[in-house]
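> Before anything else, here's the structure in question.
Residue numbers (my numbering): 227 to 675.
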């Protein structure tokens, strides 16, 4: 989900599918190094899954270091890394730390020009690209000794994720997870289709009865919360946060109209929701006091589990359209190779393996991945609901990520996001949308000088 300073992640299991719940800081976990004792058998994969034209053993005896943090993707990787070690003869070392510890540590290593980590989860893609920390990956993808293109099938990785990680025509990282903004609806409470923004407004009012609020979203005045879900309203209205020249356009007519709509919808939210982040909204719809909630698809299985008030009546739909246009916000976690690594070949074999179709298919049981084929995993689809899974995967395969990428990959986005979040919060609590966005625009212009 939205991250310039990424949200920390809490893993909650539901029918063997771990869901990213975020906004929870993990304590430090001791250094761990995987063991190849389990190998293919425990991983749920077989050697035949990796039969290709490359020599997986070409870097046998090498040890690589990967820079990671506590995250559902690593829940999946920890189970599968022994299989990679058996397949390649490469040892994988990692220290699994909470986000608040891991992010500054990796940044410090990269800033100092250290050769490790060889592979790392990219926390701030724009900063990493601008700082030269990422080795371009095209050279590895196009080297037949390192990649069998017919086996790897890079086009199976969602185009939006690949585009997000491409700078000046160079692929700098690989998407490892995928999530998009959807409208969560308790279909037992909201029985008529909600396809347009006008229908959303009507449904929010009608569903507000007794202890149930018709609609709620994030309103907290912090940049790592509210700008992400507001993005679906802005982008659907034809808005952007930053334009192609990297300049802020927060007070555009489209954004003003979108914010007026957002604030009007929040009139049907629970008391105090203007200060809510995603966890409070998640809890409200999970516990049965909220009918509709526009947020990350990563929450789907958790909101349908046995403890949810909605259970199978909690379903997902595309963002309501504005004048015929529906554009969800998205998020793709990525991983890349350290440009200073002395083991780039072995590092690529790991990154290729970790983002391959067989590994993504197996990982879908723990985290929503960036490969279209993985979304056909029946066990994972059952937890989210087959129809919901189809809806989400279609959005991920077709969504235009340009507006999101222009903002979130800009190295100075944090300052802009904070100004925008304050404008949204002030408008929700009674301010004028144009006035607040005009003020946010002034702050953003100063920040991006």
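All C-beta atoms, glycine included, are put in the ideal place defined by N, C-alpha and C.
From what residue to what residue does the alpha helix (DSSP H) around residue 606 run?
Segment 604-610, the alpha helix (DSSP H) holding residue 606.
> Just confirm the distance between the C-beta atoms of residue 547 and residue 619, as a whole number of angstroms; I'd bet it's less than 8 Å.
Not a contact, Cβ separation roughly 19 Å.
> If we call anything under 8 Å between Cβ atoms a contact, is residue 459 one with residue 517?
No, Cβ-Cβ distance for residue 459 and residue 517 is not below 8 Å.
> Would you decide whether residue 569 is buried or exposed? Buried here means 16 or more other CB atoms lie within 10 Å of its CB.
By the 10 Å Cβ count, residue 569 comes out buried.
> Within 10 Å of its beta-carbon, does residue 556 have 16 or more other beta-carbons around it, so buried, or fewer, so exposed?
Residue 556 comes out buried.
> From residue 411 to residue 537, what does the alpha carbon distance come to, in whole angstroms?
Going from the Cα of residue 411 to the Cα of residue 537 covers about 11 Å.
> Alpha carbon to alpha carbon, how far is residue 358 from residue 375? Give it in angstroms, no decimals.
Cα to Cα, the separation comes out at about 26 Å.
> Provide the residue span of the beta strand (DSSP E) that contains residue 457, from first to last.
Per DSSP, residue 457 belongs to no beta strand (DSSP E); it is in the alpha helix (DSSP H), 453-462.
> I'd like the list of long-range same chain contacts for residue 648, defined as Cβ closer than 6 Å, with 5 residues on each side in sequence excluded.
Closer than 6 Å at the Cβ level, and outside the excluded window around residue 648, lie 447.
> When burial is assigned at 16 or more other CB atoms within 10 Å of the CB, is residue 294 buried or exposed?
When all chains shown are included, residue 294 counts as buried.
> Do residue 386 and residue 625 have their C-beta atoms within less than 8 Å of each other?
Yes, the Cβ-Cβ distance between residue 386 and residue 625 is below 8 Å.
> Under 7 Å Cβ to Cβ from residue 431, same chain only, skipping five residues before and after it: list those, please.
Excluding positions up to five away in sequence, the list reads 440, 494.
> What residues match up with residue 392 in a beta bridge as DSSP calls it?
Answer is 397, bridged to residue 392.
> Using 8 Å for Cβ pairs, my map puts residue 445 next to residue 650. What's the rounded Cβ distance?
Yes, residue 445 and residue 650 are in contact; Cβ-Cβ is about 7 Å, under 8 Å.
> Candidates 660, 404, 399, 290: which alpha carbon is nearest residue 481's?
Residue 660 is the option with its Cα nearest to residue 481.
> Hey, out of 280, 284, 300, whose CA is closest to residue 590's CA?
Nearest option by C-alpha distance: 300.
> Please tell me whether residue 472 and residue 636 are closer than 8 Å, where the distance is taken between their beta carbons.
In this structure, residue 636 lies closer than 8 Å to residue 472 by Cβ.
> In chain order, which alpha helix (DSSP H) runs of at least 4 residues are fully inside the stretch 505-552?
List check, alpha helix (DSSP H) in window: 526-529.
> Which partner residues does residue 292 have in the DSSP bridge list?
Residue 292 pairs with 320, 345.
> Can you tell me whether residue 564 is helix, strand or coil according to DSSP?
Three-state DSSP puts residue 564 in a strand.
> Using a threshold of 8 Å, state whether the C-beta atoms of residue 540 and residue 663 are closer than that.
The answer is no: Cβ separation not under 8 Å.
> In the DSSP assignment, what are the bridge partners of residue 412?
In the DSSP output, where bridge partners are listed per residue, residue 412 has 540.
> What's the gap between the Cα of residue 614 and the Cα of residue 404?
Rounded to the nearest angstrom, the two C-alpha atoms are 15 Å apart.
> Go ahead and pull the three-state DSSP assignment for residue 439.
Strand.
> How would you call residue 652, buried or exposed, if buried means at least 16 neighbouring beta carbons within 10 angstroms?
Residue 652 should be labelled buried.
> Just reading off the alpha helix (DSSP H) that residue 469 is part of, what are its end residues?
Premise fails: residue 469 is in no alpha helix (DSSP H) and is neither H nor E.
> Measure the C-alpha to C-alpha separation of residue 673 and residue 450 and round it to an integer number of angstroms.
Each residue's Cα considered, the two are about 17 Å apart.
> Counting C-beta neighbours from all protein chains within 10 Å, is the total for residue 609 16 or more, i.e. buried, or is it exposed?
The residue is buried, with at least 16 neighbouring Cβ atoms inside 10 Å.
> How would you write the range of the alpha helix (DSSP H) that residue 494 sits in, first residue to last?
Careful: residue 494 lies outside any alpha helix (DSSP H) and carries neither H nor E.
> Per DSSP, what kind of secondary structure is residue 557 in: helix, strand or coil?
Reduced to three states, the DSSP call for residue 557 is strand.
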